[in-house]
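When the letters of the sequence shown are read in order and numbered with this note's numbering, they come out as residues 3 to 168.
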Amino acid sequence: MEVDTGTVNLISKEGDTFSVDIEVAKMSELVRGMLEEDADEEDTTEIPLPNVKAQVLKKVIEFCKHHKTEPMTEIEKPLKSAVMAEVVQKWYADFVNVEQVLLFELILAANYMDIKPLLDLTCATVASMIKGKTPEEIRKTFNIANDFSPEEEAQVREENKWCEEP
Numbered sequence: 003m004e005v006d007t008g009t010v011n012l013i014s015k016e017g018d019t020f021s022v023d024i025e026v027a028k029m030s031e032l033v034r035g036m037l038e039e040d041a042d043e044e045d046t047t048e049i050p051l052p053n054v055k056a057q058v059l060k061k062v063i064e065f066c067k068h069h070k071t072e073p074m075t076e077i078e079k080p081l082k083s084a085v086m087a088e089v090v091q092k093w094y095a096d097f098v099n100v101e102q103v104l105l106f107e108l109i110l111a112a113n114y115m116d117i118k119p120l121l122d123l124t125c126a127t128v129a130s131m132i133k134g135k136t137p138e139e140i141r142k143t144f145n146i147a148n149d150f151s152p153e154e155e156a157q158v159r160e161e162n163k164w165c166e167e168p
């Protein structure tokens, strides 16, 4: 029997406990699967999430709660704009307006917890950070070292000239 009432305790990597409505927690396919395995237990279920830090889990729960009340619009691919506010509702654009480290941790958490809308949003945000930029600008944005020699870089550019816009 599937029950969508009550709460579940999600436990972060650090051991912090977050009490979440089951309906909200089930946005995560990982949590949904664990709840279905424990469906016969009467007490509040605890679900350890050893790959998710407390700070990140708090943001994930914030996303899931908001998504239940205002579902995110489908993200068009390819992105129509590098400005996230033109791609999704303002709340979602503001939600991913965070430091890069947190953004990448949200991607990892969304992937681990299997929350497709959050994974779509965070990956689209990274794509928007890349959209319309040169390789040099992308390296600068993501702090990536260029390990090509000038000759290797020239060769790669020559081999891939076809994919650059005219």
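For glycine and all other residues, C-beta sits at the position ideal for the given N, C-alpha and C.
| Check | Outcome |
| --- | --- |
| Euclidean distance between Cα positions of K133 and M86 | 11 Å |
| Distance between I77 and K163 (C-alpha atoms, nearest Å) | 29 Å |
| Assigned exposure category for V103 - 16 Cβ within 10 Å defines buried | exposed |
| Complete runs of the alpha helix (DSSP H) confined to the stretch 20–49 [at least 4 residues] | 24–27 and 31–39 |
| Cα-Cα separation between H69 and K92, rounded to whole angstroms | 13 Å |
| D122 vs L32 beta-carbon contact at 8 Å | no |
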